[in-house]
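J.:
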Amino acid sequence: MNARLSSIVAPIGAASPPDPIDFALRRSLTLPRVSFVVPTLNEAENLPWLLPRIPNWAHEIIIVDGRSTDDTVAVARRLREDVKVVMEPRRGKGAALQAGFLAATGDIIVMLDADGSMVPEEAIVFVSALMAGADLVKGSRFIQGAGTDDMSLVRMFGNRGLTLFVRLLYGGWYSDLCYGYIAFWTKHVATLDCDCDGFEIETLINVRALKNHLNIVEVASFEAQRISGVSHLRAMPDGWRVLKTILRERIHQQRRRSATACVVGGQT
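In terms of full-length UniProt numbering, the sequence shown opens at residue 1 and continues consecutively.
1) May I have the straight-line CA-CA distance separating Val219 from Val137, to the nearest angstrom?
2) Look up Ile251 in the DSSP assignment and say whether it is helix, strand or coil.
3) Does DSSP classify Asp136 as helix, strand or coil?
4) From Ser35 to Ile201, what distance separates their C-alpha atoms?
5) What's the C-alpha gap between Asn215 and Gly139?
6) DSSP three-state label for Phe126, please.
7) Who are the Cβ neighbours of Ile251 in its own chain at under 6 Å, not counting the five residues just before and after it?
8) Measuring straight from C-alpha to C-alpha, what distance separates Trp173 and Leu164?
9) Would you tell me roughly how many angstroms separate the C-alpha atoms of Val127 and Asp70, rounded to the nearest one?
10) Excluding the five sequence neighbours on either side, which residues of its own chain have a C-beta within less than 8 Å of the C-beta of Lys211, listed in chain order?
11) How about Ala103 and Ile62: are their beta carbons less than 8 Å apart?
12) Just to confirm the assignment: which complete alpha helix (DSSP H) runs, minimum length 4, are found wholly within the segment 162–214?
13) By the DSSP assignment, the alpha helix (DSSP H) with Phe101 in it spans what residues?
14) Starting from the C-beta of Gln225, find all residues in its chain whose C-beta is less than 6 Å away, skip the five residues before and the five after it, and write them out in chain order.
15) Give the range of the alpha helix (DSSP H) segment to which Val75 is assigned.
16) Check the DSSP bridge columns for Glu60 and list the partner residues they point to.
17) On the three-state DSSP scale, how would you describe Val154?
18) Can you tell me whether Met87 is buried or exposed, with buried defined as 16 or more other CB within 10 angstroms of its CB?
19) Using the Cβ count rule (16 or more neighbours within 10 Å means buried), how would you classify Met156?
20) Compute the distance between the beta-carbons of Asn133 and Gly239, then report whether it is under 8 Å.
21) Going by beta carbon distance, what residues of the same chain come within less than 7 Å of Cys178, once the five residues before and after it are set aside?
22) For Ile54, which beta-bridge partners are listed by DSSP?
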C-alpha cells in the first residue's frame, strides 16, 4: 500500500489489502470425447459450410446418410478425411440418428443438422453444461440470447402448443420442444431408447429424459435459415406424429404405474 493511501485509510481503521495470491492453473482442462452425429439427405451443398466449422476438439464426426441421390458422401469425405460415414437404408431423421448413436464411440453425443441452420461453434456451450453436471442439454430458440430465422408462424404456434402440452402431462419447464440441437452423455442412449424413425425423435428424447428424471439444461441457440435445398419437415404430418408420440409415452407411463401398483399391492 502506498503512503498516501495508508494516510487515508489508517485513521478509520481500514484493513490493508491482502498481498496478491500466486494462483495459476497448472493443468489444462481435458474435454470428454465428443461425437457429432449429423444425419444427411442430399446435403452436398450445405456440408462445405458445416463440416469445416465443427470444432477441432471433436472426437469424431459421424455422417449418417439416408440414401442421398447427390454426392453428399463424397463431399463429406473430401472436406474431412476423418469423417465416419454410416449408410442407413431406412428413411427418416429418427432412423438416421439411431444409427449414429450406435456408431458413436465418444463420451458425449451432439446432434447436429446438416442444413446449416445450427451453429456448430455453439456446441461448446452444450458440452460445458454437461461437464457441469447435466445429463442432457437441449437448445432453445425462445430464451434470452436465442432466436430463429427459420420458423413459420404455423410452426411457431404448433411448437408452442406442443411444448405446453408436454409441460401439462410431464412437468418440467421446456421452452422449446421441437428443436434438434441436443447433446447428452452416451451412457444415456439405452435410457432414452429411441425407437422412432421420423422428426418426432427430438420430442421422444425430451419426453423420455423427463420421464427418467435426467438432469436437463436448456441453453440459448440461434436457428438460421437452411443454406440451400428444401426442408424435409412437413408441418402438419410431422406435427401429428409428434402429438401421437407425446400421448403414446403418457399411456405407457400410466400402464407402468398401474403395473407397479398391482405388484406392490400384491406383496402387501
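Note that the Cβ used here is the ideal one computed from N, Cα and C, for glycine as well. Since this is a predicted model, take the numbers as computed values, not measurements.
T.: In brief:
1) Translated into the one-based positions of the sequence shown, residue 219 becomes position 219. Translated into the one-based positions of the sequence shown, residue 137 becomes position 137. Between Val219 and Val137, the C-alpha separation is close to 7 Å.
2) Here residue 251 corresponds to residue number 251 of the sequence shown, with the count starting at 1. Ile251 falls in the helix class under three-state DSSP.
3) To locate residue 136, count along the sequence shown from 1; it is residue 136. Note that residue 136 is Leu in the sequence shown, not Asp. Residue state, collapsed to three classes: strand.
4) Here residue 35 is taken as the residue at index 35 of the sequence shown, counted from 1. Here residue 201 is taken as the residue at index 201 of the sequence shown, counted from 1. Going by the C-alpha atoms only, they are around 18 Å apart.
5) Counting from 1 along the sequence shown, the entry for residue 215 is found at position 215. Counting from 1 along the sequence shown, the entry for residue 139 is found at position 139. Taking the straight line joining both Cα atoms gives about 14 Å.
6) Numbered from its first residue, the sequence shown carries residue 126 at position 126. Note: Phe126 maps to helix in three-state DSSP.
7) If you number the sequence shown from 1, residue 251 lands on position 251. Excluding residues within five positions, none has a Cβ falling inside 6 Å.
8) Numbered from its first residue, the sequence shown carries residue 173 at position 173. Numbered from its first residue, the sequence shown carries residue 164 at position 164. Going by the C-alpha atoms only, they are around 9 Å apart.
9) For this step, residue 127 is matched to residue 127 along the sequence shown. For this step, residue 70 is matched to residue 70 along the sequence shown. Whole-angstrom Cα-Cα distance: 32 Å.
10) The residue given as residue 211 occupies position 211 in the sequence shown. Tyr170, Glu249, Gln253.
11) Locating residue 103 in the sequence shown gives position 103, where the first residue counts as 1. Locating residue 62 in the sequence shown gives position 62, where the first residue counts as 1. Contact: yes.
12) 189–192, 201–211
13) For the purposes of this step, residue 101 is taken as the residue at position 101 of the sequence shown. Taken as a continuous stretch (DSSP letters only), the alpha helix (DSSP H) holding Phe101 covers 93–103.
14) Here residue 225 refers to the residue found at position 225 when the sequence shown is read from its first residue. The answer, listed in chain order, is Asp149, Asp150.
15) By 1-based counting over the sequence shown, the position of residue 75 is 75. 72–79 is the extent of the alpha helix (DSSP H) around Val75.
16) Within the sequence shown, residue 60 is the residue found at index 60, counting from 1. In the DSSP output, where bridge partners are listed per residue, Glu60 has Ser35.
17) On the sequence shown, position 154 is the one that residue 154 refers to. Here Val154 sits in helix by DSSP.
18) Numbered from its first residue, the sequence shown carries residue 87 at position 87. It is exposed - the Cβ of Met87 has fewer than 16 other Cβ atoms within 10 Å.
19) Residue mapping note: residue 156 aligns to position 156 of the sequence shown, counting from 1. Under this definition Met156 is an exposed residue.
20) Walking along the sequence shown from the start, residue 133 turns up at place 133. Walking along the sequence shown from the start, residue 239 turns up at place 239. Reading off the sequence, residue 133 comes out as Gly, not Asn. Not in contact: Gly133 and Gly239 (Cβ atoms no closer than 8 Å).
21) Position 178 of the sequence shown holds residue 178. Within the same chain, Cys178 has close Cβ partners Asn159, Leu162, Glu202, Thr203, Val242.
22) One-based indexing of the sequence shown puts residue 54 at position 54. The partner list for Ile54 (beta bridge, DSSP) is empty, contrary to what the question assumes.
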